[in-house]
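In the numbering used here, the protein residues as written are 295 to 930. In this text, a Cβ means the ideal position worked out from N, Cα and C, and glycines have one as well. Keep in mind it's a predicted model, so treat the numbers as computed, not measured.
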Amino acid sequence: MTSADTAADAAPASRTHVFEADVARLLQLMVHSVYSDRDVFLRELVANAADACERLRYEALADPALLGEDAAFAIRVVCDEANGRLVVEDNGLGMSEGDLVEALGTIARSGTRSFVEKLGEAGAKQAESLIGQFGVGFYSAFMVAGRVVVETRRAGQSQAWRWESEGKGDYAIAPLPPDAAPARGTRVILHLTEAAKDYAAPHRVEQILREHSGGVAVPIDLAESPGASPRRIADGAALWARPKSDISTEQYAEFYRGLSGQFDEPAMTAHWRAEGRHEYHALAFVPGSRPLDLFDPQRKGRGKLYVRRVLITDDADLLPGWLRFVRLVVDSADLPLNVSREMAQQSPVFGAIRTGVANRILADLVRLADKQPESWAKIWENFGAVLKEGLYEAPEKRDDLLKIARFRSTAHPDGGRSLADYVKDLRENQTAIYYLTGDDARRLAASPQLEGFRARGVEVLLLSDPIDAFWVTTALGFDGKPFRSVTQGTADIAAIARVDGAAIPAAEVDAAAATLIAFFKETLGEAVADVRASDRLATSAACLVAAEHGLDRRLERLLAMGGQAPPAARAILEINAGHALVARLAARFADRDARAEIADAAWLLLDEARLRDGEPPVDAAAFADRLGRVMSKALG
Ligand code: ADP
Ligand code: MG
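Structure follows, in structure tokens:
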């Protein structure tokens, strides 16, 4: 009896497992191969092989015996045209039986998981463009293979395993006789489908490897047939350690794709070497489109941290939350190699790198915004909402962030407006940068509070990202001009000339209007903090604003939704004394019999102003009654 037989007899027989539902869904998509650029499967398998080598390199720091005699990592790709097969082998970490179930039977990676979720929302139609933008890892092998076999042995273990699937809902795992298994690491064998047979052709494979995997940090060898001796086609020298002048735009882009799992072009690349107190290489990319997990509640900035070419973790907290969209590799020369991942991230060296990285990336963003406004506009569109979190969280970065921030405004409804341009175009006597916050940019533009500003040609920023309500209250201003909410305090715009040349209404309202306003105030009582004449209205009769030192009304609503705020403070009702309706009401006030109607009008104006701000009437039933009375009166 051979030793192989003994092992097979002693170990349990092949066991069949059912794929997790999400995997099954993903596989179905792969098998039906909706994605036309199938070359990417090879890049995914090579990336996994490289990851496995890097993970073992790290584990071997603590346990050098894991490497045994074989310390030179390499990936070997073997073409087998005669049998229609392609094999990708590595001498990395390998997988145990449990690893196989976990790694190749479920979807653990959060990126892939959000991909699958998006897929559910989008339906098959958009699947292609999603796959086009985001990598889907190991399962992409089923785009070209009708059967995939994985033979693997985890470093340091004697038992090897064989995983096999046709990608149809289940897979089998069986023990593998030791002499049939790789000494260490993983061999992925693709049985290519008829339509994908040319993926076993050496020239084709070489071309794809050169194109997609040149920057991988482990050398790649290619064997043209199972017996042939392999040729080295990529040397595994880390891209970030090479001089910039030796790297082409396309090589950077490929490296970015491998790093991010996105298949687009990077919108900005920053590659630098820090010298002096701390020495490190860094390579950072701003993605060309939004990553799927951009608004993940964890808001984690992920970076790949190497210490002298050894990958410590691909999940290092190297970026502040407001730069979490950046894809980053840092290779430090100073961090100690023999400490744990957690300890490495607590070291002061790590802190210094983290600061240096954020400073450098922000400086590059500022330069890009200045030199290439069009590229910047796209980046801002994708990531502006995230960068604005920095306005709130990183006061020391606020000036730079305000420089590159772009806004929608009444004068520039499509966005792209910088504060510098805003300030350049200030109207005479304008002393502040005015803004309005709200959830919906379109409704914002129709707010009555804007009327007086429009009539005076005063530009108002329309801020509709949730974070806006927060940073704008803490930012001190820009270029010496404070930020002021158009829905808070007095508008202070009376001194700015109207663009139509109309006379500026006197600051004092006439006696009749003043009497009416006093009556409104008495009628509305506790429902409002005050009633006063307004200079911010032109065509509407009334609007609501917050008190000077209170919270902005929207911020108050946001906080209340989060359960953080005291019950909403009462707002101030502002009345347009120049409005025809107000003038009529004031004129009728002398008639004692009209008081009930005027009281109805006061409540209706208040409720209308609330509705315009997206709030319900004070008392819905009373509102309906009043509206009914007014309508039947109007209809005679
Ligand atoms: P990702 O690489 O993003 O984690 P994949 O679908 O590409 O997602 O791979 C899933 C998991 O399968 C990997 O995280 C890894 O644990 C395991 N795996 C895949 N290929 C290999 C390999 N060659 N060696 C060791 N483990 C592997
Ligand atoms: Mg992968």
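Is any heavy atom in the ligand ADP found nearer than 7 Å to the beta carbon of residue 335?
no
Just to confirm, are residue 807 and residue 876 a CB contact at a threshold of 8 Å?
Their beta carbons are under 8 Å apart, which means residue 807 touches residue 876 by this criterion.
Cβ distance (whole Å) where residue 388 is taken to contact residue 367 below 8 Å
Residue 388 to residue 367, Cβ: 12 Å. No contact.
Distance check for residue 605 and residue 634, CA to CA, integer angstroms please.
12 Å
Assuming contact is defined by CB atoms lying nearer than 8 Å, are residue 787 and residue 683 in contact in what I supplied?
Not closer than 8 Å, so no.
Give me, in chain order, the residues of the same chain whose beta-carbon lies closer than 8 Å to that of residue 976; leave out the 5 immediate sequence neighbours on both sides.
Outside the displayed range of the chain (295 to 930) lies residue 976, so it cannot be described from this structure.
Considering just the uninterrupted stretch of the beta strand (DSSP E) at residue 598, what are its terminal residues?
595–601
The ligand MG and residue 411: does any heavy atom of the ligand fall closer than 7 Å to the residue's C-beta?
no
Here's a check: name, in chain order, each residue in its chain whose Cβ is nearer than 6 Å to the Cβ of residue 348, leaving out the five neighbours to either side.
605
DSSP three-state assignment for residue 764, whether helix, strand or coil
helix
CB-CB under 6 Å to residue 567, same chain, minus the five flanking residues each way: which ones, in chain order?
575
Which whole-angstrom value is the C-beta distance of residue 830 and residue 785, which I expect to be below 8 Å?
4 Å
Along the alpha helix (DSSP H) that carries residue 485, what are the first and last residues, could you check?
Note, residue 485: premise wrong, no alpha helix (DSSP H); beta strand (DSSP E) at 479–486.
Cβ of residue 590 within 7 Å of any heavy atom in the ligand ADP?
no
Would DSSP call residue 462 helix, strand or coil?
coil
Just the C-alpha distance for residue 473 and residue 641, rounded to the nearest angstrom, thanks.
Each residue's alpha carbon lies about 45 Å from the other.
In angstroms with no decimal places, state the Cα-to-Cα distance between residue 608 and residue 563.
19 Å
Is the beta carbon of residue 863 closer than 8 Å to that of residue 836?
no
By a C-beta neighbour count over all protein chains shown, 10 Å radius and 16 as the cutoff for buried, is residue 321 buried or exposed?
buried
Cross-strand partners of residue 782 (DSSP beta bridge)
840
Where does residue 855 sit, in a helix, a strand or coil, going by DSSP?
helix
Within 8 Å, strictly: CB atoms of residue 610 and residue 594:
no
I need the DSSP call for residue 540, collapsed to helix, strand or coil.
helix
Beta-carbon proximity of residue 503 to residue 531, cut-off 8 Å
no
Burial state of residue 299, where buried means 16 or more other Cβ atoms lie within 10 Å:
Note that residue 299 scores 44 on pLDDT, short of 50, meaning its location in the model is unreliable; the coordinates nonetheless yield the value given after this. Its Cβ having fewer than 16 others within 10 Å, residue 299 is exposed.
Suppose contacts are defined by Cβ-Cβ distances below 8 Å. Is residue 479 in contact with residue 313 by that definition?
The Cβ atoms of residue 479 and residue 313 do not sit closer than 8 Å to each other.
Spatial neighbours of residue 512 within its chain, please: C-beta separation below 6 Å, excluding the five flanking residues on both sides.
344, 347, 367, 369 and 530
Taking only heavy atoms of the ligand MG into account, decide whether any of them is closer than 7 Å to the Cβ of residue 341.
yes
Please confirm whether any heavy atom of the ligand MG lies closer than 7 Å to the CB of residue 431.
Yes - the ligand MG has a heavy atom lying nearer than 7 Å to the Cβ of residue 431.
Identify every residue that forms a DSSP beta bridge with residue 513.
Note: residue 513 sits in no beta bridge, so no partner.
What residues are listed by DSSP as bridge partners for residue 562?
DSSP output for residue 562 lists 580 as bridge partner(s).
Following the continuous alpha helix (DSSP H) through residue 817, name the residue where it begins and the one where it ends.
805–818
With a threshold of 7 Å on Cβ separation, who are the neighbours of residue 408 within its own chain once the five nearest residues in sequence on each side are excluded?
586 and 587
Taking three-plus beta-carbon pairs below 8 Å as touching, is the segment 700–719 in contact with the segment 642–654?
no
Quickly, what does DSSP pair residue 712 with across the bridge? List them, please.
Looking at the DSSP assignment, residue 712 forms a beta bridge with 700.
Is it buried or exposed for residue 293, if we count other Cβ within 10 angstroms and need 16 for buried?
Missing from the structure shown is residue 293; the chain here goes from 295 to 930 and no further.
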